[in-house]
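Participant: With our numbering as the guide, the letters of the sequence shown map in order to residues 2 to 363.
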Amino acid sequence: MLAELIQQLADVNMSLLFGVMVVAILVLGKSADWMVEKAVTLSLRTGMPKVIVGATIVSVGTTFPEAVVSVLAALNGNPDIALGNAVGSVICDAGLILGTACLIAPLPLNKKVVNRQGWVQFGAGVLLVVFCLPFTDLGNVFSTKATLPQWAGFILVGGLVVYMIWSVRLAKYADPDEQDEEAADDSPVAILVGSILVGCLFVVASSITLIEATKILATEAGIPEAVIASTLVAFGTSLPELVTAVTAARKGQGELAVGNVIGADILNVLFVAGAAAAITPEGLVAESIFFRLQFPAMLIILLCFRIGIFAAKDGKLSRPFGAFLVGVYVIYGVLNALFGKTEEPAVSETAMNPVEVVAEAG
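In structure tokens form, the structure reads like this:
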């Protein structure tokens with residue numbers, strides 16, 4: 002519905018479309034600032050480390066729309082979209098988004114907490130690959146389709162519940178962040194949590210609006226749809242996480258950025274892929290290209306992140322490490338462009354716009 006409304010505005014007057022883009026950019030920036038401020042306040046008020054705030058509340062807000070999209074796509078007969086979105090988003094979050102945040106400013110770490118959350122992040126990725134392995138035909142794993150079965154989806158969703166409970170309990174015993182500031186907002190904790198989720202809602206809505214408007218302008222400019230699908234649409238699905246991480250890094254709240262990336266990766270596996278598989282009797286299809294490129298790329302970039310945490314000096318992820326992560330993501334993007342084509346859409350092409358999938362499902 003939002004996409005149709007934006008298209009109608011463009012049909013009436015292109016100047017209105019530019020106005021929509023300006024408003025979307027302003028709302029995106031302001032809502033990201035709002036969300037980060039409320040998340041920091043929640044951390045200060047409760048003593049919960051920012052990493053855990055980012056890995057739970059903030060990441061749920063930024064990934065929930067994508068989970069809804071994947072579930073609706075599965076119900077609409079397109080279950081393969083969910084797996085492509087989940088894997089592609091993990092690679093983008095741990096590579097491009099975290100790397101970009103590191104380039105803006107070195108990201109401080111509560112190393113003990115990040116290490117624990119990071120192992121869950123890496124373990125979730127490994128578990129996804131194991132569940133997708135064609136155990137009856139392992140000799141042809143690089144040339145045959147496989148499936149993420151429905152029962153595995155239920156296990157992943159169950160793992161999500163365990164992860165959230167564990168994270169909350171971990172927060173009670175974790176060493177609090179070193180704070181040089183006091184919470185200016187004395188609102189109840191429930192109000193702060195609600196404010197964070199409202200901020201997430203506006204970040205996601207303004208991101209979708211901006212991408213939709215940009216797509217229309219690109220189409221009017223004669224840019225091929227294939228180029229739009231593999232760039233703007235794919236980028237748009239990760240824009241909320243990117244804006245949140247960049248805003249957090251810019252405001253000196255690097256641990257929130259790290260937590261959001263870790264949490265988003267975990268939720269993309271347990272929530273996005275898990276929920277879509279759980280409601281699909283035949284499971285989610287994993288094309289052979291997943292085992293040749295997508296899964297190895299995901300595990301490599303998650304392993305690089307683990308090594309970065311272990312090697313972090315002075316408790317910070319450095320700018321050179323950020324450049325390294327971005328470089329790894331660029332290499333993946335080149336390989337995906339060269340070798341990622343299959344009979345079915347590749348990951349970058351299946352990262353569909355949430356508005357389009359919801360519209361089709363309706």
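A virtual CB, placed ideally from N, CA and C, is assigned to each residue, including glycine.
In this text the structure is predicted, and so the values were computed from the model without any measurement.
(1) Going by DSSP in three states, Thr281 sits in which element: helix, strand or coil?
(2) Note down the Cα distance separating Phe306 from Pro297, rounded to an integer number of angstroms.
(3) How far does the alpha helix (DSSP H) with Ala206 in it reach, from first residue to last?
(4) Ala287 bridges to which residues according to DSSP?
(5) Can the beta-carbon of Val91 be found closer than 8 Å to that of Asn269?
(6) Could you give the C-beta distance for Asn261 and Ser16, rounded to a whole number, given that I count them as a contact under 8 Å?
(7) Thinking C-alpha only, which one of Leu257, Leu104, Leu84, Val169 is nearest Thr151?
(8) Pro109 to Glu221, Cα distance in whole Å?
(9) What's the call for Ile209, buried or exposed, on a 16-neighbour Cβ count within 10 Å?
(10) Look at Leu257 and Val41 and say whether their C-beta atoms are less than 8 Å apart.
(11) Assign Phe143 to buried or exposed, taking buried as 16 or more other Cβ atoms, counted over all protein chains shown, within 10 Å of its Cβ.
(12) Taking Pro107 and Arg320 to be in contact with their CB atoms under 8 Å, please state how far apart those CB atoms are, rounded to whole angstroms.
(13) Using C-beta distances below 6 Å, list every residue in its chain close to Gly154, excluding the 5 sequence neighbours before and after it, in chain order.
(14) Enumerate in chain order the residues of its own chain whose CB-to-CB distance from Ala249 is below 6 Å, with the five nearest sequence positions on each side excluded.
(15) With burial defined as no fewer than 16 other Cβ atoms inside 10 Å of the residue's Cβ, what is the status of Lys216: buried or exposed?
(16) Can you grab the Cα-Cα spacing for the pair Leu76 / Gly284, in whole Å?
(17) What does the alpha-carbon distance come out to for the pair Gly140 and Gly100?
(18) Kindly list the residues whose CB is nearer than 7 Å to the CB of Asp34, restricted to its own chain and excluding five residues on each side of it in sequence; keep chain order.
(19) State yes or no: is the C-beta of Tyr164 within less than 8 Å of the C-beta of Ile308?
(20) For Lys314, name the three-state secondary structure that DSSP assigns.
(21) Within the same chain, show all residues whose beta-carbon is closer than 7 Å to that of Phe19, passing over the 5 residues directly before and after it, in chain order.
(22) Find the nearest neighbour of Tyr330 within the set Val52, Ala25, Gly96, Gln254, judged by alpha-carbon distance.
(23) Can you look up Leu108 in the DSSP assignment and give me helix, strand or coil?
(24) Since Ile302 and Ala56 are thought to touch, with beta carbons under 8 Å apart, how far apart are those beta carbons, to the nearest angstrom?
(25) Less than 8 Å between the beta carbons of Val273 and Asn86, yes or no?
(26) Is Val286 buried or exposed, if buried means 16 or more other CB atoms sit within 10 Å of its CB?
Facilitator: In short, the structure shows the following:
(1) coil
(2) 14 Å
(3) 190-221
(4) Ala147
(5) yes
(6) No, Asn261 and Ser16 are not in contact; Cβ-Cβ is about 36 Å, not under 8 Å.
(7) Checking the sequence shown, residue 151 turns out to be Gln, not Thr. When each option's Cα is compared against that of Gln151, the closest is Leu84.
(8) 44 Å
(9) buried
(10) yes
(11) exposed
(12) 6 Å
(13) Gly275, Ala278, Ala279
(14) Val37, Leu257, Ala258
(15) buried
(16) 12 Å
(17) 36 Å
(18) Thr248
(19) no
(20) strand
(21) none
(22) Gly96
(23) strand
(24) Wrong, their Cβ atoms sit about 18 Å apart, outside the cutoff.
(25) yes
(26) buried
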